[in-house]
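K.L.:
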Amino acid sequence: MPFVAAKCTQCGGFLNVDSAQEAAVCQFCNTAFIIEQAINNYNTTININESGVTANTLIEYARVLINDGNFAKADEICDEALKRDPHDHRAHWLKLLAKLNLPNTHENTVGIAVKQRYRSDIANAADARSFVSSICHPHYNNAVQYAPESEKRNYIALFEILLRCVQAEKGELNKQNTVDECNQKIASLRDNINQANHYMLIHEYEKHKNNKVWLILGIMAIILAVAPVIGGVDTLVDGYMPSWLFVGAVLLAIYFIPALSKGSKKKKATALLNAQIEADRREIAALEEKIRRLKA
Ligand SMILES: [Zn+2]
Numbered sequence: 018m019p020f021v022a023a024k025c026t027q028c029g030g031f032l033n034v035d036s037a038q039e040a041a042v043c044q045f046c047n048t049a050f051i052i053e054q055a056i057n058n059y060n061t062t063i064n065i066n067e068s069g070v071t072a073n074t075l076i077e078y079a080r081v082l083i084n085d086g087n088f089a090k091a092d093e094i095c096d097e098a099l100k101r102d103p104h105d106h107r108a109h110w111l112k113l114l115a116k117l118n119l120p121n122t123h124e125n126t127v128g129i130a131v132k133q134r135y136r137s138d139i140a141n142a143a144d145a146r147s148f149v150s151s152i153c154h155p156h157y158n159n160a161v162q163y164a165p166e167s168e169k170r171n172y173i174a175l176f177e178i179l180l181r182c183v184q185a186e187k188g189e190l191n192k193q194n195t196v197d198e199c200n201q202k203i204a205s206l207r208d209n210i211n212q213a214n215h216y217m218l219i220h221e222y223e224k225h226k227n228n229k230v231w232l233i234l235g236i237m238a239i240i241l242a243v244a245p246v247i248g249g250v251d252t253l254v255d256g257y258m259p260s261w262l263f264v265g266a267v268l269l270a271i272y273f274i275p276a277l278s279k280g281s282k283k284k285k286a287t288a289l290l291n292a293q294i295e296a297d298r299r300e301i302a303a304l305e306e307k308i309r310r311l312k313a
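In the numbering used here, the protein residues as written are 18 to 313.
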């Protein structure tokens with residue numbers, strides 16, 4: 018929509034009109050007017066570069082532009098007003114509204130503008146008050162400096178609204194950060210649980226694969242190794258059992274007995290892992306509860 022400056026043919030109020038339309042209603046006096054006439058009316062009465070146009074006229078027009086959300090144009094008009102009077106607090110004030118993209122200073126409007134324009138900056142800002150000061154600089158200070166007491170209060174009120182909105186947004190972002198941290202922690206705990214389960218699965222598989230063979234071999238070895246002790250050294254000497262078999266059996270028994278204790282160590286490790294998994298699950302439940310509370 019090609020918005021252009023116009024002046025109400027009835028009341029002389031400054032307007033920002035859609036030149037594609039034929040007619041509109043004046044926001045000041047509620048009178049219908051022909052757009053083309055209003056534009057001509059503006060062009061014949063206003064030339065912002067003419068020295069005859071007062072700061073008051075420009076300020077009035079800048080207000081209309083701000084109200085319509087035409088911030089860039091409003092900023093330009095304010096600069097023109099400041100050329101005529103550098104101490105005009107209204108021009109500094111309207112430049113501030115233009116800079117912040119604020120069509121008005123209602124708390125809702127300010128909150129939405131802050132969210133849309135400064136979200137990522139607020140996340141990085143250490144302190145809300147100095148952040149608000151930085152986004153208002155230098156127009157806010159100028160406006161307050163040159164304003165009479167009555168206006169100064171309104172200006173300061175906007176600063177406080179901005180501060181509240183930034184603080185609220187900062188609180189939201191902190192909450193979101195905590196939720197993200199909880200989710201990361203939960204993901205890493207789930208990883209741990211998966212790894213522990215995986216380890217136990219492998220252990221279970223190894224046990225089933227090896228155990229029966231080892232058990233039979235081991236028991237045979239022990240019997241063979243113990244046989245000469247029970248049957249007397251004669252068993253060996255008499256040649257009932259060849260000595261190589263005896264030596265082999267002893268070696269196998271030496272290997273088998275620690276393997277048995279290794280199995281019991283693995284059982285202990287499995288019990289520890291199961292306890293750890295239980296602890297991890299409890300921690301996950303606690304973190305999920307924390308996220309629920311933060312989102313509530
Ligand atoms: Zn009018």
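Glycine included, each C-beta is placed from N, C-alpha and C at the ideal position. Note that the structure is a prediction, hence the values are computed from the model and not measured.
In terms of alpha-carbon separation, which member of Asn158, Pro103, Asn191 and Ala115 lies closest to isoleucine 139?
P.N.:
Taking the first residue of the sequence shown as 1, we reach residue 139 at position 122. Of the candidates Asn158, Pro103, Asn191 and Ala115, the one whose C-alpha sits nearest the C-alpha of isoleucine 139 is Asn191.
K.L.:
Looking only at C-alpha atoms, which of Ile210, Ser260, Ser278 and Ala266 sits nearest to glutamate 295?
P.N.:
Position 278 of the sequence shown, counting from 1, holds the residue named residue 295. If we check each option's Cα against that of glutamate 295, Ile210 comes out closest.
K.L.:
When you compare the CB of aspartate 105 with every CB in chain D, is at least one pair closer than 8 Å?
P.N.:
No chain D appears in the structure shown, which is made up of a single protein chain.
K.L.:
What I want to know is whether the C-beta of cysteine 153 ends up closer than 7 Å to one or more non-hydrogen atoms of ligand 1.
P.N.:
As a first step, residue 153 is located in the sequence shown; it is residue number 136 there, counting from the start. Outside the cutoff, so no.
K.L.:
Return the bridge partner residues of isoleucine 319 from the DSSP annotation.
P.N.:
Nothing can be reported for residue 319, as the shown portion of the chain is limited to 18 through 313.
K.L.:
Contact between the region 66 to 85 and the region 94 to 110: three or more CB pairs below 8 Å?
P.N.:
Judged by Cβ distances under 8 Å, the region 66 to 85 makes contact with the region 94 to 110, as three or more pairs qualify.
K.L.:
Go ahead and pull the three-state DSSP assignment for valine 70.
P.N.:
For this step, residue 70 is matched to residue 53 along the sequence shown. Valine 70: coil per DSSP, three-state reduction.
K.L.:
For leucine 232, name the three-state secondary structure that DSSP assigns.
P.N.:
To locate residue 232, count along the sequence shown from 1; it is residue 215. Looking at leucine 232 - three-state DSSP - the assignment turns out to be helix.
K.L.:
When you compare the region 150 to 170 with the region 188 to 203, are there three or more beta-carbon pairs, one atom per stretch, that lie closer than 8 Å?
P.N.:
No, they do not touch.
K.L.:
So for leucine 32, helix, strand or coil by DSSP?
P.N.:
Counting from one through the sequence shown, the residue named residue 32 turns up at place 15. Note: leucine 32 maps to strand in three-state DSSP.
K.L.:
Checking 8 Å against the spacing of the C-beta atoms, do leucine 114 and isoleucine 83 come in under that value?
P.N.:
Locating residue 114 in the sequence shown gives position 97, where the first residue counts as 1. Locating residue 83 in the sequence shown gives position 66, where the first residue counts as 1. It is a contact, given that the beta carbons lie within the stated cut-off.
K.L.:
Run the CB neighbour count on asparagine 159, radius 10 Å, all protein chains shown included, and call it buried at 16 or more, exposed below.
P.N.:
Residue numbering aside, residue 159 sits at position 142 when the sequence shown is read from its first letter. Under this definition asparagine 159 is a buried residue.
K.L.:
With the cut-off set at 8 Å, would you say valine 81 and asparagine 47 are in Cβ contact?
P.N.:
Working through the sequence shown from its first residue, we reach residue 81 at position 64. Working through the sequence shown from its first residue, we reach residue 47 at position 30. No.
K.L.:
What I want to know is whether the C-beta of threonine 48 ends up closer than 7 Å to one or more non-hydrogen atoms of ligand 1.
P.N.:
Within the sequence shown, residue 48 is the residue found at index 31, counting from 1. Within the cutoff, so yes.
K.L.:
Would you call the region 190 to 205 and the region 263 to 273 touching, i.e. three or more CB-CB distances under 8 Å?
P.N.:
Flag = no, the region 190 to 205 and the region 263 to 273 do not touch.
K.L.:
Could you pull out every residue in the same chain whose Cβ sits closer than 7 Å to the Cβ of arginine 146, ignoring the five residues on either side in sequence?
P.N.:
The residue labelled residue 146 in the question sits at position 129 within the sequence shown. Excluding sequence neighbours, arginine 146 sits near Leu180.
K.L.:
Nearest to isoleucine 274 by alpha carbon, out of Ala204, Met237, Leu99 and Ala49?
P.N.:
If you number the sequence shown from 1, residue 274 lands on position 257. Closest by alpha carbon: Met237.
K.L.:
Please report the distance separating the alpha-carbon of leucine 218 from that of arginine 309.
P.N.:
Here residue 218 refers to the residue found at position 201 of the sequence shown. Here residue 309 refers to the residue found at position 292 of the sequence shown. Cα to Cα, the separation comes out at about 33 Å.
K.L.:
Measuring straight from C-alpha to C-alpha, what distance separates lysine 229 and glycine 235?
P.N.:
On the sequence shown, position 212 is the one that residue 229 refers to. On the sequence shown, position 218 is the one that residue 235 refers to. Computed Cα separation, rounded: 10 Å.
K.L.:
Do you know how far the Cα of tyrosine 172 is from the Cα of phenylalanine 109?
P.N.:
Residue numbering aside, residue 109 sits at position 92 when the sequence shown is read from its first letter. Residue numbering aside, residue 172 sits at position 155 when the sequence shown is read from its first letter. Contrary to the premise, residue 109 reads as histidine rather than phenylalanine in this sequence. Distance between the alpha carbons of histidine 109 and tyrosine 172 is about 11 Å.
K.L.:
Could you say which of Ala41, His215, Asn57 and Val196 lies nearest to lysine 312 if we only look at CA atoms?
P.N.:
For the purposes of this step, residue 312 is identified with residue 295 of the sequence shown, where counting begins at 1. Considering only alpha carbons, the answer is Val196.
K.L.:
Can you find at least 3 beta carbon pairs, one from the region 272 to 287 and one from the region 240 to 248, that sit closer than 8 Å?
P.N.:
Verdict: no, contact absent.
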